[in-house]
Amino acid sequence: IFLDQPWNYFQPPESMRRSTPWSSRHRNMLPHAGQLIAIWEFLLILLLAELCAAESLLDISPSKVCQTEVCLERAKMILASMNQTEDPCTDFYEYACGNWTKTHEIPDDKSQIGNFQILRENVKSDVKHILLNATYEEGECQNATNKAILAYRVCVCETANETAKFNDLLKLLTKDGFTEWPIHNIQCSPYGNYTQLLNKTSFLPFVDFSVSQDLKNISSNVIYLDQIEFKWVGRNELINQTTNASAKIVAAYKMLIAETAKIFKPNLTEGELQQLSETILRFEATLAKHSKAEEDRRNFSSFYNEMNISILSETYPKIEWLKLLNNEFALANMTIKENERVIVMEPGYIQAVEKILEETNISTLYNYFYWTQIRTYGGVASKKLEELFFEFKKEAFGVKKDVPLWKKCLTKLSDLMTHAIGRLYVDKMFDTNAKETMDNLVGVLNSTFGEMLNNNTWMDEPTRNESLKKLQKMVAKIGYPSWILNDTYLNGLYEYAPAVFLNYSFLNVLLGLQLNRKIQQLLKLRQPYKKEDEWYTGAAVVNAFYNPSTNDITFPAGILQPPFFQDGVPPSLNMGAIGMVIGHEITHGFDDGGRQFDADGKLQNWWTENAEKNFLKNAQCFIEQYGNVTVKEVNLTLNGINTQGENIADNSGLKAAYLAFKKFNDTDQVLPGLNLTGDQLFFVSNAMVWCENIREARLRSDVQYDPHSPTKYRVNLPMGNSEDFIAVFACSENSTMNIKKKCTMW
1 IFLDQPWNYF QPPESMRRST PWSSRHRNML PHAGQLIAIW EFLLILLLAE
51 LCAAESLLDI SPSKVCQTEV CLERAKMILA SMNQTEDPCT DFYEYACGNW
101 TKTHEIPDDK SQIGNFQILR ENVKSDVKHI LLNATYEEGE CQNATNKAIL
151 AYRVCVCETA NETAKFNDLL KLLTKDGFTE WPIHNIQCSP YGNYTQLLNK
201 TSFLPFVDFS VSQDLKNISS NVIYLDQIEF KWVGRNELIN QTTNASAKIV
251 AAYKMLIAET AKIFKPNLTE GELQQLSETI LRFEATLAKH SKAEEDRRNF
301 SSFYNEMNIS ILSETYPKIE WLKLLNNEFA LANMTIKENE RVIVMEPGYI
351 QAVEKILEET NISTLYNYFY WTQIRTYGGV ASKKLEELFF EFKKEAFGVK
401 KDVPLWKKCL TKLSDLMTHA IGRLYVDKMF DTNAKETMDN LVGVLNSTFG
451 EMLNNNTWMD EPTRNESLKK LQKMVAKIGY PSWILNDTYL NGLYEYAPAV
501 FLNYSFLNVL LGLQLNRKIQ QLLKLRQPYK KEDEWYTGAA VVNAFYNPST
551 NDITFPAGIL QPPFFQDGVP PSLNMGAIGM VIGHEITHGF DDGGRQFDAD
601 GKLQNWWTEN AEKNFLKNAQ CFIEQYGNVT VKEVNLTLNG INTQGENIAD
651 NSGLKAAYLA FKKFNDTDQV LPGLNLTGDQ LFFVSNAMVW CENIREARLR
701 SDVQYDPHSP TKYRVNLPMG NSEDFIAVFA CSENSTMNIK KKCTMW
């Protein structure tokens with residue numbers, strides 16, 4: 001869990017799980033796609049003309065048909081997506097997206113393509129254009145946006161040769177205490193034991209460390225210690241390496257380690273390379289076996305194990321915690337004392353790490369640590385390493401081609417300079433009218449969700465009152481934070497990042513930006529937590545978020561555009577798309593995770609025993625319903641426990657959006673040529689959010705690790721649970737979409 005990131009997000013980030021340092025990105029459609037689209041558009045025009053003549057079948061008044069240019073374009077888009085030969089009561093995803101999936105081939109450099117990814121591509125292209133055309137000045141005194149512009153130019157136009165870049169990597173590793181790699185025996189190690197290794201380097205490859213808001217003392221920040229994430233080879237594959245799918249990824253990972261080692265020591269024998277790769281893999285697997293699966297990490301109270309460093313050192317005495325933490329905080333010129341509070345999120349894992357460090361020989365620890373640094377920086381510092389990482393990514397995600405350099409650069413900088421890039425994007429691209437309209441829509445959805453809470457039959461009054469209080473206090477953050485326009489504040493976010501010059505290597509620029517982020521995070525420990533100032537995402541982001549510890553919902557500027565949100569279209573389209581997104585995020589405040597936090601974002605139980613019992617009963621329905629679904633493409637069942645929060649949000653968000661839609665005056669407004677009522681358009685618009693093609697390898701990863709269900713089931717199961725959907729499409733009692741045992745929460 002990233003405590004400095006939003007915990008619930010509408011759509012998984014593109015770098016979701018087992019991501020390499022360069023995340024996969026879209027490329028343009030294949031050459032023949034343009035011809036196909038031209039033919040398809042011609043057929044659409046003919047079909048629209050025929051369907052317009054058939055609108056009388058629905059007895060639609062001409063005055064209710066939106067004939068504007070924007071409505072005609074949306075009608076074309078929807079018609080191009082739908083498979084009208086499919087019965088909507090049999091497979092609504094196929095009905096709404098069937099033609100979309102046939103006409104959208106996955107680009108070679110992508111593991112998936114969908115309407116989300118296409119919009120993200122558009123935003124990336126906008127940001128690229130902004131960065132390349134922005135004015136800048138080189139000099140020691142640079143503001144935040146100037147650093148972002150120069151950093152991007154350094155990345156895409158780097159002039160350093162391969163040897164110089166690789167030497168920069170070696171200098172970095174030597175500075176961190178690594179003289180050579182790999183080593184094959186204890187005698188070659190510059191460290192006599194693990195204590196010396198950790199003191200000279202860091203404990204971070206073994207234990208996750210962060211500073212973030214205290215979940216119970218919410219006006220302050222605190223140190224958190226947690227288990228690490230397994231981003232390259234997933235936890236499940238590390239633990240069970242013998243299945244066919246796991247074996248392929250594991251073999252590719254071992255090959256990656258061996259081929260990387262050849263670059264550092266070309267004379268290594270095949271036996272030495274095999275031993276190295278197996279040793280590193282075995283060590284990672286040992287860490288994974290002592291970590292918890294995500295489905296076992298849904299009780300936040302179990303994370304909150306508070307102690308001071310003195311007690312931490314007594315409880316886990318084989319690690320010099322005070323010294324190691326002071327090594328980290330020295331970057332910010334801070335000193336930590338024994339009475340400093342720490343939250344240990346996974347005590348069992350920390351205890352296991354102690355034993356693992358003590359029992360593992362120093363050469364293995366050294367080689368593993370060095371390898372984690374290569375994984376982090378190698379792709380930036382060496383073209384050969386970048387190519388090796390891509391070969392692994394082909395196996396892990398099924399991609400066929402690496403992404404262009406400019407997208408890799410943008411990925412890195414969007415992570416490290418989120419708000420600087422957001423400022424540039426807002427200045428050029430954001431329509432301020434969208435913010436006002438979104439404010440109104442959020443108000444309608446919030447009011448509607450309040451009605452759902454009031455009409456709820458299984459909650460008692462004390463819990464209902466607390467729920468309404470929480471809903472009332474929920475804050476909506478739309479577009480961008482106001483302080484992003486304050487140059488002084490924005491510059492302060494990057495004050496520890498050195499000035500950037502065009503003759504720099506990108507590795508050194510990257511290190512400077514990472515140093516800035518780390519110092520800023522460390523300094524938070526002595527600063528009050530002001531939730532009104534916290535924005536957990538940048539403006540140039542296509543997603544939406546809920547954070548339970550601040551009780552706020554966030555809708556960045558990037559998502560406030562078609563097909564989610566557009567002026568001048570019937571309300572059914574906006575409410576089916578962005579309306580559902582809003583309802584989804586509001587629901588997260590009352591799902592299995594969000595319900596553990598009160599109206600102020602404090603971790604505490606505010607539920608009566610009876611209300612909690614009823615909630616868990618309803619949640620169990622979703623767990624079993626989704627958990628009984630087999631994804632045939634990868635022969636895996638959905639993880640009903642890990643996805644329950646998102647599934648509850650999908651179902652209740654859809655319900656809230658539909659109820660809110662029915663409050664509009666012109667719900668019967670329709671589009672030309674579609675032969676769909678306003679109510680039917682609402683559900684079609686909702687389903688089209690999720691139109692997607694995905695590679696088998698990516699789907700397999702998502703089913704195992706993503707807290708969201710695959711897109712097909714984000715359409716068909718919420719629709720099948722919706723009595724409104726069944727009525728609108730007049731689905732028979734025995735139809736496939738009319739789920740017999742419906743699940744509902746709110």
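Residue numbers (the UniProt record's numbering): 1 to 746. All C-beta atoms, glycine included, are put in the ideal place defined by N, C-alpha and C. All of these numbers come straight from a predicted model, not from anything done at the bench.
Asked	Found
Output needed for residue 151: all residues of its chain with C-beta closer than 6 Å, excluding positions within five of it in sequence on either side, in chain order.	413, 500, 509
Apply the 10 Å Cβ neighbour rule to residue 711 and answer buried if 16 or more other Cβ atoms are within range, or exposed otherwise.	buried
Can you grab the Cα-Cα spacing for the pair residue 638 / residue 738, in whole Å?	20 Å
Rounded to a whole number of angstroms, what is the C-alpha to C-alpha distance between residue 450 and residue 415?	36 Å
Are the CB atoms of residue 551 and residue 475 within a distance shorter than 8 Å?	yes
At which residues does the alpha helix (DSSP H) containing residue 378 begin and terminate?	362–381
With distances taken Cα to Cα, identify the nearest neighbour of residue 190 among 307, 370, 472.	370
How close, in whole Å, do the beta carbons of residue 603 and residue 300 come, if the pair is a contact with beta carbons under 8 Å?	6 Å
With the cut-off set at 8 Å, would you say residue 587 and residue 652 are in Cβ contact?	yes
Ends of the beta strand (DSSP E) at residue 224?	221–226
Mapping the DSSP letters down to three states, classify residue 235 as helix, strand or coil.	helix
Closest to residue 513 by C-alpha separation, out of 533, 490, 417, would be which residue?	417
Going straight from the alpha carbon of residue 650 to that of residue 691, what length do you get?	15 Å
Taking its Cβ as the centre, do 16 or more other Cβ atoms sit within 10 Å of residue 164, making it buried, or is it exposed?	exposed
Beta-carbon within less than 7 Å of residue 402's beta-carbon, same chain only, minus the 5 sequence neighbours each way: which residues are those?	109, 390
Which residues does DSSP pair with residue 213 in a beta bridge?	221
In whole angstroms, give me the CA-to-CA distance for residue 305 and residue 211.	15 Å
Report the rounded CA-to-CA distance for residue 178 versus residue 254, giving the unit in angstroms.	22 Å
Leaving out the 5 sequence neighbours to the left and right, which residues in its chain are closer than 8 Å to residue 382 when beta-carbon positions are compared?	162, 165, 166, 169, 263
Are there 16 or more other CB atoms within 10 angstroms of the CB of residue 527, so buried, or fewer, so exposed?	exposed
With DSSP run on the structure shown, which of helix, strand or coil describes residue 693?	strand
Keeping to the same chain, check which residues put their C-beta closer than 7 Å to that of residue 237; ignore five residues upstream and five downstream.	246, 249, 250
Please list, in chain order, all residues of the same chain as residue 696 whose beta carbon is under 7 Å from its beta carbon, the five residues on each side excluded.	398, 633, 634
Looking at C-alpha atoms only, which residue of 283, 320, 312, 107 is the closest neighbour of residue 362?	283
Would you report the Cα separation of residue 274 and residue 267, rounded to the nearest angstrom?	14 Å
Starting from residue 425, trace the alpha helix (DSSP H) in both directions and tell me its first and last residue.	418–429
Does the beta-carbon distance from residue 619 to residue 644 come in below 8 Å?	yes
Quick check: what's the CA-CA separation for residue 585 versus residue 718?	15 Å
What number of angstroms, rounded off, separates the C-alpha of residue 378 from the C-alpha of residue 517?	20 Å
With a CB to CB cut of under 7 Å and the five nearest residues on each side skipped, what residues in its chain are close to residue 685?	572, 573, 576, 577
As a quick exercise: from 106, 105, 81, 113, pick the residue whose alpha carbon is nearest that of residue 98.	81
Which residue's Cα is closest to the Cα of residue 565: 116, 107, 102?	116
Quick one, which of 125, 519, 106, 559 has its alpha-carbon nearest residue 330's?	519
Which of the three DSSP states, helix, strand or coil, is assigned to residue 627?	helix
Are there 16 or more other CB atoms within 10 angstroms of the CB of residue 614, so buried, or fewer, so exposed?	buried
By alpha-carbon positions, which one of 155, 96, 598 ends up nearest to residue 469?	598
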